[in-house]
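Q: Protein chains in written order, with the numbering used here: chain R, 250 to 582; chain D, 250 to 582.
2 protein chains.
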Amino acid sequence: MASIKDVAQRAGVSTTTVSRVLTTPGAVRSTLRERVEQAIAELGYRPNLAARRLRQRRASLVGLIVSDIRSPFFTDVGRAVEDMAYRNGLRLILCNSDENPAKEQSYLELMADEQASGVILSPTMEGLQRLRPEAWPFPLVLVDRALEGTRVDRVVLDNQAAARRATEHLLQSGYRRIALLAGTHSTTGQQRHAGYAQALAAQGLAPRPVWLDPTRDAGERATAQLLAAAPDQRPDALLATNGLLLLGALQAVQAAGLRTPRDIGIAGFDNNDWTALPALDVTTVAQPTYDIGRTAAELLLQRMQEPARPARRVVLEGELVVRGSSAGPRGPS
Amino acid sequence: MASIKDVAQRAGVSTTTVSRVLTTPGAVRSTLRERVEQAIAELGYRPNLAARRLRQRRASLVGLIVSDIRSPFFTDVGRAVEDMAYRNGLRLILCNSDENPAKEQSYLELMADEQASGVILSPTMEGLQRLRPEAWPFPLVLVDRALEGTRVDRVVLDNQAAARRATEHLLQSGYRRIALLAGTHSTTGQQRHAGYAQALAAQGLAPRPVWLDPTRDAGERATAQLLAAAPDQRPDALLATNGLLLLGALQAVQAAGLRTPRDIGIAGFDNNDWTALPALDVTTVAQPTYDIGRTAAELLLQRMQEPARPARRVVLEGELVVRGSSAGPRGPS
DNA sequence: TTGAAAGCGATACCAC
DNA sequence: GTGGTATCGCTTTCAA
Chain R
250 MASIKDVAQR AGVSTTTVSR VLTTPGAVRS TLRERVEQAI AELGYRPNLA ARRLRQRRAS
310 LVGLIVSDIR SPFFTDVGRA VEDMAYRNGL RLILCNSDEN PAKEQSYLEL MADEQASGVI
370 LSPTMEGLQR LRPEAWPFPL VLVDRALEGT RVDRVVLDNQ AAARRATEHL LQSGYRRIAL
430 LAGTHSTTGQ QRHAGYAQAL AAQGLAPRPV WLDPTRDAGE RATAQLLAAA PDQRPDALLA
490 TNGLLLLGAL QAVQAAGLRT PRDIGIAGFD NNDWTALPAL DVTTVAQPTY DIGRTAAELL
550 LQRMQEPARP ARRVVLEGEL VVRGSSAGPR GPS
Chain D
250 MASIKDVAQR AGVSTTTVSR VLTTPGAVRS TLRERVEQAI AELGYRPNLA ARRLRQRRAS
310 LVGLIVSDIR SPFFTDVGRA VEDMAYRNGL RLILCNSDEN PAKEQSYLEL MADEQASGVI
370 LSPTMEGLQR LRPEAWPFPL VLVDRALEGT RVDRVVLDNQ AAARRATEHL LQSGYRRIAL
430 LAGTHSTTGQ QRHAGYAQAL AAQGLAPRPV WLDPTRDAGE RATAQLLAAA PDQRPDALLA
490 TNGLLLLGAL QAVQAAGLRT PRDIGIAGFD NNDWTALPAL DVTTVAQPTY DIGRTAAELL
550 LQRMQEPARP ARRVVLEGEL VVRGSSAGPR GPS
C-alpha cells in the first residue's frame, strides 16, 4: 500500500505538500499540484483513513440507532439517511437496539469510540428519559420519538393531530365504539393515544385503548379478543397505531369472517404498500418516512457545520389516506 | 479523553502492560492486571479505535452492500448480519448500490479505505461479471446473486428449483397459460425463469416470460397489459419472481375485477407478511431470508479466521407456501 | 512477565 | 507557498 511518503518522494515534494493537495488544493501552486496528482494516480494512492482519523480526532461516519431496521418506517428512514451520507462522503453505521436500553447505550458508546461525526437516534422510552445529549462527544438528532423540553435537534410526526384526524374520520363515518391498538415502549403510542382520546372526548365518547407489544401477533390476539365480546359490546371500529398492529388487526378481522367497512371499520398508521390493494383498501395515516429521514440527516449535517446553533424541532404532518375500510357501518355513502 | 499513557501512569506500569491487559489479559500477572483495571475504571478510559486500527492495519468493521435496503429481502438479511456483527464486536456499514455498478464499485473502494474486515455483497449483474474477489484486501461473501465458477464464498437460494416447484404447483392446479414476471438486472430473475421454463417444457407448454424492472409499478403495468388481451389469449395464471412484482400483479388483477383462484391463479416469490391475510391468501415461495443473512455472516467470520480455506457455496431451499390464490380455475378442490 | 522504543500514516504547527 | 518535524494513541518487536 502506497503511503503519503511514497507520493511525496515520487513527486519530489514534502508530505506536507501532498497532504495539502488532498485537503486544501487551493493552497498549492498548480505546477506542484499537478505533479502530486500525477504521482497519486500512478501509485494508485489512497489515504489511510485510520491515520487521518487519529490525527483529526473525528471520523467521517454517522450512526443510525433504531429499534429494528425491519420496521418499514425505519427502513425508509435508514435509506434516506444513507443517501445523504453517501452524497456527503460519510459512512453509515447501522444499529438495532431492539427496544433494549442497555443495547442502545452500548451502541452510543461504540459511536463515541469510533469518534463518529454524529448520530441519529430513535430512543427507547427509558433511554429517552435519561438521555443527556450534551454528554456525548457527537451531535445527536432524535427521530420519531422525543420528549418535550430537551434541548436537542429532532424531527417527529405530529402524532396527536394525526391520530385525532383519523379518529374524527371514523366518527364522521358513523362509528361509535372505536377501539385503539397502541404500542407500549414508545412515546409515539402515547401521543397517538392522546389524539384519539381527544377526538372521542369531543363527542362525549369513552376511549377504549388496548396497550400491547407493537407486533403483528399481539395485534392479532388483542383484536380476536375484542371481537369475541358480545355484539353490542364489541368495538365497531379499530384504529391501529402502527403498521404491524394494523396487519394483525386485519388478520383477526378477516379470520372472524367480518367485512370492512360494514361489520367493522379499520384504520391504521403507516401507509405500507399493501394497504392500497383493492381487496384490502385500508384507510391509513401516511407518514412522510423518507422525508423524516432526510430531515434528520439535514439537521445533523447543519449541526456538524455549526455546533452552537440552537436546537431545532421539526414537526412533520401525517396525511390521512381515506380508503374503503372506514366508509361507515352502512357501507360507502 | 484519557489515553493509554494516563492509565499506565496511574497504575504505575508501562503502556505495554496496559495494552496487554486490554488484548491478552492472560499474559499479565493478576496483581498488576487488577491495578491496571482499576485505573481504567477510575479514568473511564476507552481505547482509541483509530489508533488501534492504524497500528493493526485492519478495522473491526464489516460492510453490507445491497441494491436497496428497503427491499424486505435485504432488510431481513441486513438485520441478521447486524445481529452477528454486534455479537462479535464488529460494526456494520450499510451501503445501497441502487443496482448501479459505479456506486457499488465506489462502496467497495470505501470499504478498502476503511480497512474493513470483510464485506457481504449482493452484486449487480455487471459488477458480478467483472468481480475479482482476490483483488480486494478483505474477504468477500456473496449473497443472493452469484455466478457459477467463481471462487468465492456465497449463499444463495436454489432459485431454479423453487421456481420449478411453484410452476409445477400451478400446473397441477389446472392452469395452462402461465405467465412469468421476471426482474431484469439480476441473476435470480434468470434462474427463476429457467426453473419456470423447465416445468412448462416438461408439459410441452410454451413459456410466457415478461422481463421488466423489478418494481411494483412495472409489475402492475405489465399485468394490466397481459390482462387486456383476448380472454382465450391472456394468461390464466401469473408467477411473480419477487415481492414487489407480486404486489403489482395483485393490484392489477384486483383492479380488473378478477378473482383468484377462479379467474386467475397467482403465486410469487417472497412470503411477505401481508400475503397471509385471508382476503389475499397468496401462494408464495418463502425464502429463508434471516437464515441467508446469518449464513453469509458465518461464512465471513469463518473466512476471517481462516483466510486460506476453500471457498464454500451454501445453497438454501425455498419453501412453497400453498394458499388459496393458486387453487385452480375451478376453485378449491 | 515486564518495559523501552520504534513505527503505523496522516496532519498541524512553525519556520523559512 | 513550501518543508521539517512533532504528534495523534496504540501495538509490537526486542531486550532484560
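Each residue gets a CB set at the ideal place from its N, CA and C atoms; glycine is no exception. Here the structure is a predicted model, which is why all the values come from computation and not from measurement.
Checking 7 angstroms against the spacing of the C-beta atoms, do Val570/D and Asn520/D come in under that value?
A: Yes. Within cutoff.
Q: Let me know if Glu555/R comes out buried or exposed under the rule of 16 or more other beta-carbons within 10 Å of its beta-carbon.
A: It is exposed - the Cβ of Glu555/R has fewer than 16 other Cβ atoms within 10 Å.
Q: Run through chain D and tell me which residues come within less than 7 angstroms of Asn345/R, C-beta to C-beta.
A: Near Asn345/R (Cβ distances below 7 angstroms), the residues of chain D are Arg328 and Glu331.
Q: Between which two residues does the alpha helix (DSSP H) carrying Asp255/R extend?
A: It spans Ile253 to Ala260 - the alpha helix (DSSP H) in which Asp255/R sits, taken as one unbroken run.
Q: Within its chain, find whatever has a CB closer than 6 angstroms to the CB of Ala251/R; leave out the 5 residues flanking it on each side and keep chain order.
A: For Ala251/R, where only same-chain residues beyond five positions count, the Cβ hits under 6 angstroms are Leu292 and Tyr294.
Q: Just checking: is the beta-carbon of Thr272/D within a distance shorter than 7 angstroms of some beta-carbon in chain R?
A: Taking Cβ atoms only, chain R never reaches closer than 7 angstroms to Thr272/D, which makes this a no.
Q: I want to verify the contact list: residues of chain D whose CB lies under 8 angstroms from the CB of Asp325/R, in sequence order.
A: Chain D residues near Asp325/R: Arg319.
Q: Quick check on DSSP: helix, strand or coil for Ala477/R?
A: Here Ala477/R sits in coil by DSSP.
Q: Would DSSP call Gly432/D helix, strand or coil?
A: Gly432/D: strand per DSSP, three-state reduction.
Q: For chain R, check one thing: does any of its Cβ atoms lie closer than 7 angstroms to the Cβ of Glu469/D?
A: So no, Glu469/D is outside the interface.
Q: Can you confirm whether Trp460/R, when its beta carbon is compared against all beta carbons of chain D, has any partner nearer than 7 angstroms?
A: Taking Cβ atoms only, chain D never reaches closer than 7 angstroms to Trp460/R, which makes this a no.
Q: Taking 6 angstroms as the cut-off, does the CB of Val368/R come closer than this to any heavy atom belonging to the ligand FMN?
A: Here there are no bound small molecules, and the ligand FMN is not part of this structure.
Q: Tell me, please, whether the CB atom of Arg259/D is closer than 7 angstroms to any CB atom in chain R?
A: So no, Arg259/D is outside the interface.
Q: According to DSSP, what are the bridge partners of Ile515/R?
A: In DSSP, Ile515/R forms a bridge with Leu487/R.
Q: Which value, in whole angstroms, describes the spacing of the CA atoms of Glu286/R and Val267/R?
A: In a straight line, the C-alpha of Glu286/R is about 9 angstroms away from that of Val267/R.
Q: Roughly how far, in whole angstroms, is the beta-carbon of Ala576/D from the beta-carbon of Ser422/D, given that I think they are within contact range, below 8 angstroms?
A: Between Ser422/D and Ala576/D the Cβ distance is about 6 angstroms, and since that is below 8 angstroms, they are a contact.
Q: The beta strand (DSSP E) spanning Pro458/R covers which residue range?
A: Per DSSP, Pro458/R belongs to the beta strand (DSSP E) from Arg457 to Leu461.
Q: Starting from the C-beta of Glu381/D, find all residues in its chain whose C-beta is less than 8 angstroms away, skip the five residues before and the five after it, and write them out in chain order.
A: Correcting the residue identity first, residue 381/D is Arg in this sequence and not Glu. Excluding residues within five positions, none has a Cβ falling inside 8 angstroms.
Q: Residues of chain D with a CB under 8 angstroms from the CB of Ala528/R: which are they?
A: Within 8 angstroms Cβ-Cβ: Leu499, Gln503, Ala528 and Leu529.
Q: Check each residue of the segment 360-377 of chain D: if its Cβ is closer than 8 angstroms to any Cβ of chain R, include it; give the result in chain order.
A: Listed by position along the chain: Ala361, Asp362, Glu363 and Gln364.
Q: Taking the straight line between their C-alpha atoms, what separation do you get for Arg552/R and Ala334/D?
A: Rounded to whole angstroms, Arg552/R to Ala334/D spans 29 angstroms at the Cα level.
Q: Distance check for Ala415/R and Gly517/D, CA to CA, integer angstroms please.
A: Rounded to whole angstroms, Gly517/D to Ala415/R spans 33 angstroms at the Cα level.
Q: Taking buried to mean at least 16 other C-beta atoms within 10 Å of its own C-beta, is Glu383/D buried or exposed?
A: Its Cβ having fewer than 16 others within 10 Å, Glu383/D is exposed.
Q: List the residues of chain D that Pro385/R touches, going by C-beta distances under 9 angstroms, in chain order.
A: Checking the sequence shown, residue 385/R turns out to be Trp, not Pro. Within chain D, no residue comes near Trp385/R; the closest Cβ sits about 13 angstroms away, beyond 9 angstroms.
Q: With DSSP collapsed to three states, give me the class of Arg302/R.
A: Helix, per DSSP.
Q: May I ask you to report which of helix, strand or coil DSSP gives Ile289/D?
A: Correct three-state label for Ile289/D: helix.
Q: Restricting to Cα atoms, I'd like to know which of Arg558/R, Val563/R, Thr524/R and Ala525/R is closest to Arg543/R.
A: Residue Val563/R is the option with its Cα nearest to Arg543/R.
Q: Looking at the C-beta of Ile289/D, does it have a partner C-beta in chain R at a distance below 7 angstroms?
A: Ile289/D does not count as touching chain R.
Q: Compute the beta-carbon to beta-carbon distance between Leu389/R and Leu343/R, rounded to the nearest angstrom, for a pair I have assumed lies under 8 angstroms.
A: Not really, about 16 angstroms apart at Cβ, beyond 8 angstroms.
Q: Could you pull out every residue in the same chain whose Cβ sits closer than 7 angstroms to the Cβ of Glu417/R, ignoring the five residues on either side in sequence?
A: Cβ within range, chain order: Ala448.
Q: Counting only beta-carbon atoms, is Leu475/R nearer than 7 angstroms to chain D?
A: Taking Cβ atoms only, chain D never reaches closer than 7 angstroms to Leu475/R, which makes this a no.
Q: Leaving out five residues before and five after Gln493/D in sequence, what residues of the same chain have Cβ atoms less than 7 angstroms from its Cβ?
A: A small correction: the amino acid at residue 493/D is Leu; Gln does not occupy that position in the sequence shown. Excluding sequence neighbours, Leu493/D sits near Pro463, Thr464, Arg465 and Gly468.
Q: Output the distance between the C-alpha atoms of Ser582/R and Pro350/R, rounded to the nearest integer angstrom.
A: Any reading at Ser582/R must be qualified, since the residue scores a pLDDT of 49, below 50, and its modelled position is unreliable; the value itself is stated next. Rounded to whole angstroms, Ser582/R to Pro350/R spans 48 angstroms at the Cα level.
Q: Using only alpha-carbon positions, find the residue among Val262/D, Ala431/D and Gln364/D that is nearest to Leu495/D.
A: Ranking Val262/D, Ala431/D and Gln364/D by Cα distance to Leu495/D puts Ala431/D first.
Q: Using a Cβ-Cβ cutoff of less than 6 angstroms, which residues in the same chain neighbour Pro458/R once the five nearest sequence positions on both sides are dropped?
A: Answer for Pro458/R: Leu429, Ala431 and His442, listed in chain order.
Q: Going by Cα to Cα distance, which pick from Arg302/R, Ala276/R, Leu499/R and Val405/R is closest to Arg561/R?
A: For the residues Arg302/R, Ala276/R, Leu499/R and Val405/R, the minimum Cα distance to Arg561/R belongs to Val405/R.
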